[in-house]
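Participant: Here it is, the structure, as structure tokens.
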Amino acid sequence: MPVNHALGYRRFGEPEQVLTLEAGAKAALAAGCVRVKMHYAPVNASDLIPVTGAYRHRIALPQVAGYEGVGMVVEAHGADAALVGKRVLALRGEGTWQSLVDCPADRAILVPDDIDSTLAARGYINPLAAQLMIEHFSPAGKHLLLTAAGTDCALLAGQWAQQAGALSVTGIYRSPVHAARLEACGITPVQQSNAAAVRRYAARAERVYDATGGALAEAIREAMPASGLFISYGLLSGQPFRLRQALPQVHWFHIRNTLPALDPAEWQAAFSRLWPALATSQTGGVMPFALQEWRAALAAWRSAGRVAKPLLLFEDDRAVP
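Just so we're aligned, residue 1 is where the sequence shown starts under full-length UniProt numbering, counting upward by one.
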């Protein structure tokens, strides 16, 4: 059996304390699945939050961390054997922070030749969330306000909202390093600490895509038009927000709640729409770290003002505990 190197956890807690890198034999591939030799997997908030135990009610331990990444199909059964040798996103199966990932064949996403692997590795969590938010809560003909505008998801949502016909897009950011990048994408940057400017732009915002929560979300809702829509898709502040008034309406958007409604054909079609948009959009850079350097990758992810995405790099001869 092939040897697999996996970064997993057997108890909940701070990722740096509970994640361990282990080597072991990979079980036989199940029918209907493909085996992917991983190339890259990114570090996202959505990868780390479950490790802390935030969703312990729906997670059975032990688990391998990670929800997205790209690699090469090295094993498949029957008709799926045509995928062997193809570059795919290994999705909706096992945790992706391991050198060999098994995933359902109908959920593996073929990567177009013109998409670099370091971009493809980041092609699921943030891009798909941005695309689905725009499709579900259209900004066409509306003034859009983004929070956590320097994040990958918000940056893509801001660019794609303009293409979808938004009248304007304003992005609230914390670290000054993000301002120039937002402007380059046609997004008006607003410093989060500038309370007056936040209120001014919130007062005309007919759509808000909020990834922050907490006091900022409350301040925006109090200032925005009652007829607007406030879409909450994250709580990067770690704090929920109080619903101190009935309007504007709040919609909770979580990609994990949207995906079960997509059958395999719809799932594949969503990525067919996504790839051309992603290929022509501005995205952040990357910082590759060998798998055994995962602690450094997490430290880089936590660094203030970060503009590049840490990627775990899988190389069999280096991925040892």
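Where is the CB? At the ideal position from N, CA and C, for every residue including glycine. Computed from a prediction, not measured in an experiment: that's the story for all the values here.
(1) With a Cβ-Cβ cutoff of 7 Å, do Gly71 and Lys26 count as a contact?
(2) Taking the beta strand (DSSP E) that Pro50 belongs to, which residues open and close that run?
(3) Return the residue from the list Leu83, Ala54 and Cys103 that minimises the CA-CA distance to Glu68.
(4) The alpha helix (DSSP H) with His136 in it runs from where to where?
(5) In this structure, does DSSP put Trp97 in helix, strand or coil?
(6) For the pair the region 51-58 and the region 90-97, tell me if three or more CB-CB distances fall below 8 Å.
(7) By DSSP, does Ser272 sit in helix, in strand, or in coil?
(8) Buried or exposed for Asp47, please, with buried defined as at least 16 other CB atoms from any protein chain shown within 10 angstroms of its CB.
(9) How many Å lie between Ile220 and Ala296 at the Cα?
(10) On the criterion of 16 or more Cβ atoms from any shown chain inside 10 Å, does Gln163 qualify as buried, or is it exposed?
(11) Between the region 131-146 and the region 162-178, are three or more C-beta pairs nearer than 8 Å?
(12) Does the Cβ of Met287 have 16 or more other Cβ atoms within 10 Å, making it buried, or fewer, making it exposed?
(13) On a Cα-Cα basis, can you pick out the residue from Leu7, Phe289 and Val111 that is closest to Ala269?
(14) What are the start and end residues of the beta strand (DSSP E) that includes Gln162?
(15) Taking only three categories from DSSP, how would you classify Gly8?
Facilitator: This is what the structure gives:
(1) no
(2) Here Pro50 belongs to no beta strand (DSSP E); instead the alpha helix (DSSP H) covers Ala45 to Thr52.
(3) Cys103
(4) Ile125 to His136
(5) coil
(6) no
(7) helix
(8) buried
(9) 36 Å
(10) exposed
(11) yes
(12) buried
(13) Val111
(14) Per DSSP, Gln162 belongs to no beta strand (DSSP E); it is in the alpha helix (DSSP H), Asp152 to Gln163.
(15) strand
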